[in-house]
Amino acid sequence: MSEAPVRKRVRVVAAVVFDGPRLLMTQRPPGGPLGLQWEFPGGKLEPGEAPEAALVREVREELGVGSVAHDTLAVHEFDYAHGVHVELYFVRCTLDSHAFTPAHAVHAWRWVEPRDVNLSEVLEGDRDFLRSLGATD
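So the sequence shown is residues 1 to 137, counted in UniProt numbering.
Written as structure tokens, this is what we have:
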């Protein structure tokens, strides 16, 4: 009898930032894990950290701007092929500014309408949420 592989469990917050009908997406740097894939700004929660607090911290670290966390729009779970189980909190937020000073973890950023997103270029764990906003395969 074979046992299921042990998966590393990670809790992640994704900042859902709207500018009218458009969403803010960031691109991972080349050469790293899942390089050049697009995603929502955000990152891993620290032990004991609430998703809203993690969102404010991660947006400051990644984009260099302040933010206000609002409501959690969805919670999704996803198993990546490389052995990581991710629990994703999609939290709507507003930014203090759009004058970003991206950190090294952000290769590029863009505003995009969900219907214009190429899902094959987006992290797999974010795709179902984007579909719920109108993205199509």
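No residue lacks a Cβ here, since even glycine has one placed at the ideal position from N, Cα and C.
Non-local beta-carbon contacts of Arg92 in its own chain, meaning distances under 6 angstroms to residues more than five positions away in sequence, involve Val16, His70, Asp71, Leu73 in chain order. Counting along the chain, the unbroken alpha helix (DSSP H) around Ala54 starts and ends at 51–63.
It is roughly 32 angstroms from the alpha-carbon of Gly64 to the alpha-carbon of Arg7. Secondary structure note for Gly43: its beta strand (DSSP E) is the uninterrupted segment 42–44. Under the three-state reduction of DSSP, Leu95 is assigned to strand.
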